[in-house]
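Trainee:
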DNA sequence: AGTCGCCACGAAG
DNA sequence: CTTCGTGGCGACT
């Protein structure tokens, strides 16, 4: 069970997302100064601290839900959406209903 | 040591 | 829609 420094940064940043807000993979990547949001997704996929690290609050930049527990569609992804809706986040037509719910990290 | 191929992405065409 | 850039990482050689 090894956690790389990069993963540590990702999990640390994601932990800053408040309840009722969501961040994007790009937002997280920008926060930790990683040029590849894809790498962030890869780290979250291996998230060993779920659900302590609220990886379900990270969505794609086009405001679609992104993935969850290795799945990019199907009932598993629906569970992610359900979790978010339980926190007051609504999705309409497969995309985030209220973009003002987006959480943007402070620039370092 | 290097290389290769995979990704829960994003931007551009 | 498709393709390309991208950074990190595991599995190889």
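Residue numbers (the working numbering): 7 to 114. No residue lacks a Cβ here, since even glycine has one placed at the ideal position from N, Cα and C. Remember, it's a predicted structure, so these values are computed and weren't measured experimentally.
In the DSSP assignment, the alpha helix (DSSP H) including residue 36 goes from what residue to what residue?
Mentor: Its alpha helix (DSSP H) spans residues 31–37.
Trainee: Would you call residue 35 buried or exposed, if buried means 16 or more other Cβ atoms sit within 10 Å of its Cβ?
Mentor: The residue is buried, with at least 16 neighbouring Cβ atoms inside 10 Å.
Trainee: Any idea what DSSP makes of residue 101, helix, strand or coil?
Mentor: In the structure shown, residue 101 sits in a strand (DSSP, three-state: E or B).
Trainee: Apply the 10 Å Cβ neighbour rule to residue 20 and answer buried if 16 or more other Cβ atoms are within range, or exposed otherwise.
Mentor: Buried is the call here.
Trainee: In whole angstroms, what separates the C-alpha of residue 110 from that of residue 100?
Mentor: Straight-line Cα distance between these residues: approximately 21 Å.
Trainee: For residue 24, which residues from the same chain have a beta carbon less than 7 Å from its beta carbon, with the 5 sequence-adjacent residues on both sides left out?
Mentor: Answer for residue 24: 109, listed in chain order.
Trainee: Is there contact between the stretch 90–107 and the stretch 61–70, where contact requires at least three CB pairs shorter than 8 Å?
Mentor: Judged by Cβ distances under 8 Å, the stretch 90–107 makes contact with the stretch 61–70, as three or more pairs qualify.
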